[in-house]
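Heads up: the structure comes next, in structure tokens.
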Amino acid sequence: MLDTFTELEAQTEATLGIIKTMKDEVSHLTEENNVLRMENQHLRDRLAEIIKQQSIEKQMTDSGLTKSRLNLEKIYEDGFHVCNLFYGSRRDGDEPCAFCLEVIYGERK
Amino acid sequence: MKFTVNRAIFLKKLKDVQLAVSSRATIPILTGIKLIADSEGIKMTGSNSDISIETILTVSNEAAELTIDAPGEVVLQPARFFSDIVNKLPDETFTVEVKNGVQTSITSASSAFVINGLDAVNYPRLPEIDTKDAFTLPVNLLKKIIKQTVIAVSTHESRPILTGIHFIIKDGKLKAVATDSHRLSQRVIPIEGTENLSYDLVIPGKSLQELTRLLDDSLDEIEVSVAENQILFKTEDTYFYSRLLEGNYPDTNRLIPESSSTQLTLEASTLLGAVERASLLSHEGKNNVVKLTVKDNSVEITGNSPEVGRVNEQVTFNDLKGEDMEISFNPDYLKAALTTFGSIEVTLKLISTLRPFVLVPSENNDEFIQLITPIRTSS
Ligand SMILES: [Zn+2]
């Protein structure tokens, strides 16, 4: 009889141990879940912000260029380079520049 | 030093080496030609700040009738003076002899010159290049690639890197590109035996032009070796060294458009003729511009210079696809580009009035491409 009790006691203690571990685990997961949920919200906000920014920038004008590209086109038409290679220098004799045109009209991947 | 040699054969070699000699050399000794005589034959060297050429005339070359009586070395200058003398000597052979240090006598039949040479010890040493990793190129192909791309090399020193041709050897292929930012020319060819090699070099366009002059069409192959800032092209008896341009060549891949809205296929010579005629007028005008108009299934080249007059010509074509288009450009760029194609069929690929257009052979169109940047017109 006493042996049975001892055995039961040991079993109960083991079960209690498992419950404790599980409780800790659940609390840990809940905490992590909250952090992730907050992080997710934060990223969604950032994304929304970026998309909004881009749509403003991408506002297509008549020529199909973004505002910033339209600025570059104007500088180019005024006779200056907008390409990396010659940036800011005058286009000699208004000669065309393939590097500039790539910057202004090139496809961005 | 004393040797006797056939005049015509020596002169041909001398002219080869003279390609590298500049009369305006910054180091006076470089206005001359270095001669070294030894038991093997005569070695001649000419050099400037960009290129050096060294060639050997061997005693085993029977036509050269070469006899070496005493080994030695001397620098004779200026090179032009020396070659003019050799050219005018009366006999089929002549003798060069160095006496009293650098005093050099040149005799042929009854004619005798004595000219003051320079001590060859003071002649700059040519770079030493390891030829262990050398690869070979077919001479005809190399000359063709150079001629096709060198037209787009920049002549302005404001961006020195653009005065070179960009050579990329990778995956068994050689790609050569040149651009002066107004137009671009690119040629790609597979080269056997370079599968394990990888080079990215910018060689001065001028050097390569001299190389094409030096290389005889009768030559089969040339051996190429690359060092840190030098490249060596070597044939059986001649070494051609060129310095390499320092710095990174700009990325030109993104300049070449992938798509187009209008494709016009015609004979290169037909378009060349029309553009040449239109440029007669544009050259007289203030702006050197002609216009290509694709409209209602017809192609027209026009030129309009208010102070001179007008020209227009309907151009015969073989195929036309896509949208109507109007594009203005410098006719000289198109002429130069068309000339490199020879008499084959080409396709013009146009995107828009404002974007560069390209010319490719209508067959094999990924091997050779010429790009031309349009000019904005106020109209
Ligand atoms: Zn530019």
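Heads up: the sequence lines are chains A and B, in that order. Residue numbering for the first sequence follows our numbering, beginning at 402 and increasing consecutively. Residue numbering for the second sequence follows our numbering, beginning at -12 and increasing consecutively. Idealized CB from N, CA, C, for every residue including glycine.
DSSP beta-bridge partners of residue i
i: residue 402 of chain A; result: DSSP lists no partner for residue 402 of chain A.
i: residue 192 of chain B; result: Residue 192 of chain B is not bridged to any residue.
i: residue 174 of chain B; result: B:163 and B:355
i: residue 422 of chain A; result: Answer is none; residue 422 of chain A lacks a bridge partner.
i: residue 153 of chain B; result: B:164 and B:189
i: residue 428 of chain A; result: BP columns for residue 428 of chain A are empty, so no partner.
i: residue 22 of chain B; result: B:31 and B:61
i: residue 300 of chain B; result: B:288
i: residue 43 of chain B; result: B:30
i: residue 249 of chain B; result: B:309 and B:337
i: residue 210 of chain B; result: B:123 and B:221
Check: residue i C-beta below 8 Å from any heavy atom of ligand 1
i: residue 170 of chain B; result: no
i: residue 153 of chain B; result: no
i: residue 473 of chain A; result: no
i: residue 486 of chain A; result: yes
i: residue 492 of chain A; result: yes
i: residue 355 of chain B; result: no
i: residue 344 of chain B; result: no
i: residue 500 of chain A; result: yes
Rounded distance between the beta-carbons of residue j and residue i, thought under 8 Å
i: residue 104 of chain B; j: residue 66 of chain B; result: No, residue 104 of chain B and residue 66 of chain B are not in contact; Cβ-Cβ is about 12 Å, not under 8 Å.
i: residue 384 of chain B; j: residue 24 of chain B; result: Residue coverage of chain B in this structure runs from -12 to 366, which leaves residue 384 of chain B outside it and unanswerable.
i: residue 226 of chain B; j: residue 217 of chain B; result: The pair is not a contact, with the Cβ atoms about 11 Å apart (cut-off 8 Å).
i: residue 208 of chain B; j: residue 126 of chain B; result: 6 Å
i: residue 367 of chain B; j: residue 167 of chain B; result: As shown, chain B starts at -12 and ends at 366. That puts residue 367 of chain B outside it, with no answer to give.
i: residue 150 of chain B; j: residue 191 of chain B; result: 6 Å
i: residue 500 of chain A; j: residue 492 of chain A; result: In fact, because the Cβ distance is near 11 Å, the residues do not count as touching under 8 Å.
i: residue 261 of chain B; j: residue 300 of chain B; result: 5 Å
i: residue 314 of chain B; j: residue 278 of chain B; result: 7 Å
i: residue 302 of chain B; j: residue 257 of chain B; result: 6 Å
i: residue 132 of chain B; j: residue 176 of chain B; result: 7 Å
i: residue 74 of chain B; j: residue -2 of chain B; result: 6 Å
Assigned secondary structure, residue i (DSSP; H/G/I helix, E/B strand, else coil)
i: residue 507 of chain A; result: coil
i: residue 482 of chain A; result: coil
i: residue 433 of chain A; result: helix
i: residue 52 of chain B; result: coil
i: residue 345 of chain B; result: strand
i: residue 494 of chain A; result: helix
i: residue 453 of chain B; result: Because residue 453 of chain B is not part of the residues shown, which for chain B are -12 to 366, the question remains open.
i: residue 318 of chain B; result: helix
i: residue 332 of chain B; result: strand
i: residue 243 of chain B; result: coil
i: residue 70 of chain B; result: helix
i: residue 57 of chain B; result: strand
i: residue 271 of chain B; result: helix
i: residue 84 of chain B; result: strand
i: residue 237 of chain B; result: coil
i: residue 417 of chain A; result: helix
i: residue 446 of chain A; result: helix
i: residue 3 of chain B; result: helix
i: residue 65 of chain B; result: coil
i: residue 362 of chain B; result: coil
i: residue 218 of chain B; result: strand
i: residue 108 of chain B; result: helix
i: residue 488 of chain A; result: coil
i: residue 262 of chain B; result: helix
i: residue -10 of chain B; result: strand
i: residue 305 of chain B; result: coil
i: residue 125 of chain B; result: strand
i: residue 99 of chain B; result: strand
i: residue 14 of chain B; result: coil
i: residue 38 of chain B; result: strand
i: residue -2 of chain B; result: helix
i: residue 92 of chain B; result: strand
Residue i Cβ short of 8 Å to ligand 3 heavy atom set
i: residue 482 of chain A; result: Looking at this structure, you won't find ligand 3 anywhere; what it does contain is ligand 1.
Interfacial residues, the stretch 345 to 365 of chain B to chain E, with Cβ spacing under 8 Å: The chain inventory of the structure shown lacks chain E, comprising the protein chains A and B.
Contact between the stretch 113 to 122 of chain B and the stretch 210 to 225 of chain B (3+ Cβ pairs under 8 Å): yes
Assess contact between the stretch 155 to 162 of chain B and the stretch 484 to 497 of chain A, defined as three or more Cβ pairs (one per stretch) separated by less than 8 Å. Is contact present? no
Whether or not the stretch 56 to 76 of chain B and the stretch 9 to 23 of chain B are in contact is what I'm after, with contact meaning three or more pairs of Cβ atoms, one per stretch, closer than 8 Å; do they touch? yes
Would you call the stretch 83 to 94 of chain B and the stretch 34 to 44 of chain B in contact, with 3 or more CB pairs under 8 Å? no
Answer yes if the stretch 297 to 311 of chain B comes into contact with the stretch 250 to 267 of chain B, meaning at least three C-beta pairs across the two stretches below 8 Å, and no otherwise. yes
Across the stretch 270 to 278 of chain B and the stretch 290 to 306 of chain B, are there enough close Cβ pairs to call them in contact, namely three or more that are closer than 8 Å? yes
Pairs of beta-carbons, one from the stretch -11 to -3 of chain B and one from the stretch 175 to 189 of chain B, closer than 8 Å: are there three or more? no
With three or more beta-carbon pairs closer than 8 Å as the criterion, would you say the stretch 324 to 337 of chain B touches the stretch 470 to 477 of chain A? no
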